[in-house]
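Here is the structure we will look at.
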Amino acid sequence: MSLTGTALPVVLFLAAVILFAALVFGLPRLPREWQRVVQRAVAAVLLNVTVVTLAATLLNDQYAFYVSWSDLLGVRSAVTTAKGGGTAQQAASASVQGVGLRKDHTPATLPPLPFPGSRLQTYTVTGPRSGISTKVMVYLPEGYDPKQRRTYPVILALHGFPGHPQSLFAGVHFDRQVDAAVAMHKLAAPIVVVPEINSPADVDTECVNAPGGLQTETWLAADIPQWVVSHFRVQTARTSWATFGYSFGGWCSAMLGIKHPDIFGGSIVMQGYFRPDFDVSYEPFKPGSAAWNGYDLVKLARQRPPALALWVLASKQDGLSYPSTAALVKYARRPLSITAVLLKTGGHRGSVWVPRTPEALDWLGRSLPGFQSTARATQPRLGGSGTKKETLRR
């Protein structure tokens, strides 16, 4: 019996009905009172366990956290690495249209940090172009001092839905992953900027500019970068800016990189997707409309490939991320570069992608000059048994 589908929920529902009926209409009578008490207690526990399991199964069917019994039991997945377009280094060195952040300059004197001495800062930022005002968290490198002239690369990290900026710290410990990569000289110490992307709260914005509505893309691609440059000692070359995101945030990461390569030289996409996936409660434009086509990243990559280095993780059993990921790899061509790590099994959940974060950060440090550690140690290349590499180039 499959973990997903209708069969398992039906069996659990019938089992719950039978247990409930047994409790209501009477169980076989046992001779001793203590035996009858134990009998009723066991039946009640079994009923509760069955109902909870049924609810979990229905929730899993909706969100595809686990897609098979082997996935649920934690069986390790085989991995394929597929490549499309050019190399990451070619994408990073390619010329792009647009001014990016070249006209933005960090002032000689920066605004004071809200929490001096802390590596984690929290702000409420109002975007002059988008009009969006919401929370932004900033994770600073060890030893960061706004009075010093040293500058840093920037990772714009984007949470999932439902979620909030704190999810990247309390939930998946992205800060620890970054610190570990820096300590192993695989990554230059970055400033990590985590804006809230579902503002107003609980709106699945898909990070798009809605006609006559929320301008979330402008918030992320214009307001936030300019705010960062004016508040922190950062490098402004596009090869010193990258996006990172998972699920909904993975889509946003890909969209920002593909549509704004003059700002972002690289993007990391963890179980994201490459076409909008609006919630039923918020659909600013319909599939097939002109606005929709402007966010069809597969079509954009096929028709006007950007100079972007893209690292993607997807599971072949993940119906949300895999189909559009496979299409993007298929149609990718220079100057776009795609490195796609494809898992044979795995649902749509954090335990699938979080263990792959060190690999993604290592790729970032090797691919974009701004993130390359000056003291990068010689490390064995990732791969080994169970890993097959394919190259698809156009």
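Note that the sequence shown covers residues 1 to 394 in the UniProt record's numbering. Glycine included, C-beta positions come from ideal geometry on N, C-alpha and C. Only a predicted model underlies this, so the values are computations on that prediction, with no experimental measurement involved.
{"Item": "On a Cα-Cα basis, can you pick out the residue from 320, 332 and 365 that is closest to residue 346?", "Value": "320"}
{"Item": "Return the CA-CA distance between residue 261 and residue 301, expressed in angstroms with no decimal places.", "Value": "12 Å"}
{"Item": "Taking the alpha carbon of residue 327 as the reference point, which residue from 298, 353, 16 and 306 has its own alpha carbon closest?", "Value": "298"}
{"Item": "Sorted by chain position, which residues of the same chain lie with C-beta nearer than 6 Å to residue 91's C-beta, five sequence neighbours on each side aside?", "Value": "307, 308, 309, 335 and 337"}
{"Item": "Nearest-angstrom Cα distance between residue 35 and residue 47?", "Value": "18 Å"}
{"Item": "Residues in the same chain with beta-carbon distance under 6 Å from residue 311, minus the five sequence neighbours each way, listed in chain order, please.", "Value": "268, 339, 360 and 363"}
{"Item": "Might you give, ordered along the chain, the residues of its own chain that have their beta carbon closer than 6 Å to the beta carbon of residue 232, omitting 5 neighbours on each side?", "Value": "191"}
{"Item": "Express the C-alpha separation of residue 194 and residue 305 in angstroms, rounding to a whole number.", "Value": "27 Å"}
{"Item": "Hey, quick one: how far does the beta strand (DSSP E) through residue 313 stretch, first residue to last?", "Value": "309-315"}
{"Item": "Measure how close the beta-carbons of residue 243 and residue 253 come, nearest whole angstrom, since I'm counting them as under 8 Å.", "Value": "4 Å"}
{"Item": "Straight-line CA distance for residue 7 to residue 42?", "Value": "25 Å"}
{"Item": "Let me confirm a value: residue 150 is counted as buried when at least 16 other C-beta atoms fall within 10 Å, else exposed. Which label applies?", "Value": "exposed"}
{"Item": "How big is the Cα-Cα spacing for residue 353 and residue 143?", "Value": "29 Å"}
{"Item": "Can you tell me whether residue 213 is buried or exposed? The criterion is at least 16 other CB atoms within 10 Å of its CB, across all chains shown.", "Value": "exposed"}
{"Item": "If you compare alpha carbons, which of 226, 84, 281 and 293 is closest to residue 127?", "Value": "226"}
{"Item": "Quick check on the DSSP output: the beta strand (DSSP E) that includes residue 134 runs from which residue to which?", "Value": "133-139"}
{"Item": "Just how far apart, CA to CA, sit residue 392 and residue 230?", "Value": "Residue placement at residue 392 is poorly supported in this model, since its pLDDT is 35, which falls under 50; the coordinates still yield a value, given next. So the two alpha carbons sit approximately 41 Å from each other."}
{"Item": "Excluding the five sequence neighbours on either side, which residues of its own chain have a C-beta within less than 8 Å of the C-beta of residue 29, listed in chain order?", "Value": "36"}
{"Item": "Given a cut-off of 7 Å, decide if residue 84 and residue 332 are closer than it, judged by their beta-carbon atoms.", "Value": "yes"}
{"Item": "Among 318, 106 and 54, which residue has its Cα nearest to the Cα of residue 12?", "Value": "54"}
{"Item": "Buried or exposed, going by whether 16 or more other CB atoms sit within 10 Å of the CB of residue 357?", "Value": "buried"}
{"Item": "Quick one: using the 10 Å Cβ neighbour count with 16 as the cut-off for buried, is residue 220 buried or exposed?", "Value": "buried"}
{"Item": "Which runs of the alpha helix (DSSP H) at least 4 residues long sit entirely within the stretch 245-303? Give them in chain order.", "Value": "248-259, 290-293 and 297-303"}
{"Item": "Let's test the definition: count the other Cβ atoms within 10 Å of the Cβ of residue 10 and tell me whether it reaches 16, buried, or not, exposed.", "Value": "exposed"}
{"Item": "Going by Cα to Cα distance, which pick from 172, 23, 284 and 282 is closest to residue 246?", "Value": "172"}
{"Item": "Going by DSSP, what residue range makes up the alpha helix (DSSP H) through residue 6?", "Value": "That residue, residue 6, is in no alpha helix (DSSP H); it is neither H nor E in DSSP."}
{"Item": "Would you kindly report the start and end of the unbroken beta strand (DSSP E) that includes residue 195?", "Value": "191-195"}
{"Item": "Going by DSSP, name the residue or residues bridged to residue 224.", "Value": "Answer is none; residue 224 lacks a bridge partner."}
{"Item": "Could you round the C-beta distance between residue 248 and residue 365 to whole angstroms and report it? I think they count as a contact, below 8 Å.", "Value": "At roughly 26 Å, the Cβ-Cβ gap does not stay under 8 Å, so residue 248 and residue 365 are not in contact."}
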